[in-house]
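J.: Handing you this structure, nothing more for now.
What follows is the structure, encoded as structure tokens:
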């Protein structure tokens, strides 16, 4: 038990299959009610999809586990209805500092631009996130949760997947059209299917200690190389909610994990770090090793793998949960379109392509961080220490310091779903880029651009003055918002640089079209907009295409491409 958190116990309900004595069928089954599985199930349910989520436990994660959630992940959680709770409870931070022995040699700022709704990172214990997600899931009538239901057999087929599930009341069988596997790094389902996961195991051990204490340290990430209180090793310090501080001590491969977790061995390490005068309470301790590896293919017929079941990275850089939640952000809209018959099943192959690329990117950065943090040869250690020594005085060396390249969203610039530019644009909002946020004014008051992009495809159309829009332009935008047979609608959003009063004055001309006022000019700046420019955005808020002028035929062709209709 923890002193700062009371673990919920989710009710086990006898499955109807046991009552009825016959197999059940669900269009989508998600296995694993960790953050990734919950996000996947919620995303689908919010789109109107019936989903069954099953988990072999009846509570949230034990211990803080994942604690760092990046800006892009918070934007996804906003869309799922949990972002505000996360930010309100979590510790927001943007600054990280790196120390070599006793001297600061490097620092960074995650949010160099103003006018973004979310911070670069928040720190919050994983059990809070899971609790918020379970509460959100229970608000959705088409999402059924089953706890204490353990999958013991999986039989894939061409049209369906059969599952055998064990419960306290006995076993039952159900089938599903699509199985999403989110059952963690050891993934029993992956093992049952005999699927490989390849990569590298790092021969090192780290001690996690969650400590309750009142301290006036700033809300920053502090990382030490070779500090006097833990010589020849590394230490990481993060503040979490409830005055809980996460401390990671590098131990070395020869450390005995059982001995190292004993309070009589943990407490002296913490006292050496904090000083004898600091009062603290040890809340949770764990020793871990880690791997950087992934499955070659994240889709196997009607079975799709997400999160740690699909790929694993070292904890340096907060790439685990952040990457897994972004997997679901990529997969959910594609799966829903396939289920509804609006896209071919081959669209799901682009999930492996896009998130496989992201996994490779994460593994590369994670491996480089780990090699820098835990050098495996005398030469590597001399190089690392030389870099750290130079970084205090020379900018070129600071670029080489690597205490964990922090999680950022992937730019899917090589995706087959993108329509290449035909017009010249400046800036980073290229096809495949995650959309940048910016403040906007709406008829209801101040808001944010990404808040307006909740579900589906959107066409952002920018105009300096709404009064200059022609009837032809207005008609084209309205027509794009009407779904044609066999495809999906695009919601057009007019963005204007006018003030709110002028926008309201022109509301009659814009009847039926949503309008956002670019409150500070940030959208125009970040998207390099001129009057008439437009952007097609995917449901996961990535840029699919962009043009300098509106052409409905080109927009529909780009939509077809984004739907996998090559």
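In the UniProt record's numbering, the protein residues as written are 1 to 566.
We treat Cβ as the ideally placed atom computed from N, Cα and C, and that holds for glycine.
#1: Taking DSSP as the reference, what is the three-state secondary structure of residue 61?
#2: With H, G and I counted as helix, E and B as strand and the rest as coil, what does DSSP make of residue 437?
#3: From the DSSP secondary-structure annotation, give me the bridge partner or partners of residue 333.
#4: Any contact of the stretch 513 to 533 with the stretch 465 to 483, i.e. 3+ C-beta pairs under 8 Å?
#5: Quick one: is residue 290 buried, meaning 16 or more other Cβ sit within 10 Å of its Cβ, or exposed?
#6: When the Cα of residue 523 is compared with those of 427, 215 and 491, which residue comes out closest?
#7: Using three-state DSSP, classify residue 39 as helix, strand or coil.
#8: Which same chain residues end up closer than 6 Å to residue 155 when comparing Cβ atoms and leaving out the 5 residues on each side of it in sequence?
#9: Mapping DSSP to helix, strand and coil, what is residue 73?
#10: Here's a check: name, in chain order, each residue in its chain whose Cβ is nearer than 7 Å to the Cβ of residue 86, leaving out the five neighbours to either side.
#11: If you reduce the DSSP assignment to three classes, tell me which class residue 259 lands in.
#12: Using beta-carbon positions only, say whether residue 519 and residue 466 come within less than 7 Å of one another.
#13: Along the chain, where does the alpha helix (DSSP H) containing residue 411 start, and where does it finish?
#14: What does the Cβ neighbour count give for residue 103, buried or exposed, with the cut at 16 atoms within 10 Å?
#15: Just confirm the distance between the C-beta atoms of residue 91 and residue 239, as a whole number of angstroms; I'd bet it's less than 8 Å.
#16: Going by beta-carbon coordinates alone, are residue 54 and residue 137 separated by less than 7 Å?
#17: Could you tell me which of 390, 190, 418 and 97 sits nearest to residue 350, measuring between CA atoms?
#18: Less than 7 Å between the C-beta atoms of residue 438 and residue 449, yes or no?
#19: Does the beta-carbon of residue 446 have 16 or more other beta-carbons within 10 angstroms, so that it is buried, or is it exposed?
#20: From the DSSP output, which residues share a beta bridge with residue 121?
#21: Identify every run of the beta strand (DSSP E) within the stretch 444 to 515, keeping only runs that are complete inside it and at least 3 residues long; order them along the chain.
#22: Check the C-beta distance from residue 50 over to residue 142 and give it rounded, since I have them as a contact under 8 Å.
#23: How is the beta strand (DSSP E) around residue 289 delimited, first residue to last?
#24: Taking the alpha-carbon positions, what's the residue 545 to residue 220 distance?
#25: Does the Cβ of residue 334 have 16 or more other Cβ atoms within 10 Å, making it buried, or fewer, making it exposed?
#26: Assuming residue 216 contacts residue 147 under a Cβ cut-off of 8 Å, what Cβ separation, rounded to an integer in Å, is found between them?
#27: With a Cβ-Cβ cutoff of 7 Å, do residue 223 and residue 273 count as a contact?
#28: Assign residue 225 to buried or exposed, taking buried as 16 or more other Cβ atoms, counted over all protein chains shown, within 10 Å of its Cβ.
#29: Could you spell out the range, first to last residue, of the beta strand (DSSP E) harbouring residue 173?
#30: Residue 267 by DSSP, collapsed to three states: which one?
#31: What number of angstroms, rounded off, separates the C-alpha of residue 144 from the C-alpha of residue 83?
#32: Could you please give the first and the last residue of the uninterrupted alpha helix (DSSP H) stretch that includes residue 361?
#33: Are there 16 or more other CB atoms within 10 angstroms of the CB of residue 376, so buried, or fewer, so exposed?
#34: Cα-Cα, which of 344, 52 and 287 is closest to residue 24?
#35: Would you mind reading off the limits of the beta strand (DSSP E) that contains residue 155?
#36: For residue 207, which option in 259, 9 and 557 has the closest C-alpha, if you only look at C-alpha atoms?
T.: Checking against the coordinates, here is how it stands:
#1: Residue numbering aside, residue 61 sits at position 61 when the chain shown is read from its first letter. Three-state result, residue 61: coil.
#2: Here residue 437 refers to the residue found at position 437 when the chain shown is read from its first residue. Coil, per DSSP.
#3: Walking along the chain shown from the start, residue 333 turns up at place 333. None; residue 333 has no bridge partner.
#4: yes
#5: Reading the chain shown from its first residue, position 290 is the one you call residue 290. Buried, since its Cβ has 16 or more Cβ neighbours within 10 Å.
#6: Counting from one through the chain shown, the residue named residue 523 turns up at place 523. Selected option, being the one with the closest Cα: 427.
#7: Locating residue 39 in the chain shown gives position 39, where the first residue counts as 1. Looking at residue 39 - three-state DSSP - the assignment turns out to be helix.
#8: Counting from one through the chain shown, the residue named residue 155 turns up at place 155. Once the five neighbours on either side are set aside, the close Cβ partners of residue 155 are 162.
#9: Counting from 1 along the chain shown, the entry for residue 73 is found at position 73. In this structure, residue 73 counts as helix in the three-state DSSP scheme.
#10: For the purposes of this step, residue 86 is identified with residue 86 of the chain shown, where counting begins at 1. Same-chain partners within the cutoff: 69, 74, 77, 122, 124, 129 and 132.
#11: For the purposes of this step, residue 259 is identified with residue 259 of the chain shown, where counting begins at 1. Three-state result, residue 259: helix.
#12: Position 519 of the chain shown, counted from the first residue, corresponds to residue 519. Position 466 of the chain shown, counted from the first residue, corresponds to residue 466. Cβ atoms of residue 519 and residue 466: not closer than 7 Å.
#13: What you label residue 411 is simply residue 411 of the chain shown in a count that begins at 1. Where residue 411 is concerned, there is no enclosing alpha helix (DSSP H), given that its DSSP letter is neither H nor E.
#14: Looking up residue 103 in the chain shown gives position 103. It counts as exposed.
#15: Position 91 of the chain shown holds residue 91. Position 239 of the chain shown holds residue 239. Correct: roughly 5 Å between the Cβ atoms.
#16: Here residue 54 refers to the residue found at position 54 when the chain shown is read from its first residue. Here residue 137 refers to the residue found at position 137 when the chain shown is read from its first residue. Going by C-beta atoms, residue 54 is not nearer than 7 Å to residue 137.
#17: As a first step, residue 350 must be located in the chain shown, where it is residue number 350. Comparing Cα positions, the closest option is 418.
#18: For this step, residue 438 is matched to residue 438 along the chain shown. For this step, residue 449 is matched to residue 449 along the chain shown. Yes, the Cβ-Cβ distance between residue 438 and residue 449 is below 7 Å.
#19: In the chain shown, counting from the first residue as 1, residue 446 sits at position 446. Answer is exposed; the Cβ neighbour count stays below 16.
#20: For the purposes of this step, residue 121 is taken as residue 121 along the chain shown, with counting starting at 1. Beta-bridge pairing links residue 121 to 70 and 93.
#21: 445 to 448, 457 to 463 and 490 to 496
#22: Taking the chain shown and counting its residues from 1, one reaches residue 50 at position 50. Taking the chain shown and counting its residues from 1, one reaches residue 142 at position 142. 5 Å between Cβ atoms; contact.
#23: Residue numbering aside, residue 289 sits at position 289 when the chain shown is read from its first letter. Here the beta strand (DSSP E) through residue 289 covers 281 to 294.
#24: The residue labelled residue 545 in the question sits at position 545 within the chain shown. The residue labelled residue 220 in the question sits at position 220 within the chain shown. Roughly 37 Å separates the two Cα atoms.
#25: Within the chain shown, residue 334 is the residue found at index 334, counting from 1. That one is buried.
#26: In the chain shown, residue 216 corresponds to position 216, counting from 1. In the chain shown, residue 147 corresponds to position 147, counting from 1. Residue 216 to residue 147, Cβ: 41 Å. No contact.
#27: One-based indexing of the chain shown puts residue 223 at position 223. One-based indexing of the chain shown puts residue 273 at position 273. No. Outside cutoff.
#28: The residue labelled residue 225 in the question sits at position 225 within the chain shown. Per the 10 Å Cβ criterion, buried.
#29: In the chain shown, counting from the first residue as 1, residue 173 sits at position 173. 170 to 181 is the extent of the beta strand (DSSP E) around residue 173.
#30: The sequence position of residue 267 within the chain shown is 267, counting from 1. Note: residue 267 maps to helix in three-state DSSP.
#31: Counting from one through the chain shown, the residue named residue 144 turns up at place 144. Counting from one through the chain shown, the residue named residue 83 turns up at place 83. For residue 144 and residue 83, the distance between alpha carbons rounds to 22 Å.
#32: One-based indexing of the chain shown puts residue 361 at position 361. Taken as a continuous stretch (DSSP letters only), the alpha helix (DSSP H) holding residue 361 covers 349 to 373.
#33: Numbered from its first residue, the chain shown carries residue 376 at position 376. With fewer than 16 Cβ atoms within 10 Å of its Cβ, residue 376 is classed as exposed.
#34: By 1-based counting over the chain shown, the position of residue 24 is 24. It is 52 whose Cα lies nearest to the Cα of residue 24.
#35: Counted from its first residue, the chain shown places residue 155 at position 155. Counting along the chain, the beta strand (DSSP E) containing residue 155 begins and ends at 150 to 156.
#36: On the chain shown, position 207 is the one that residue 207 refers to. Closest option to residue 207, Cα to Cα, is 259.
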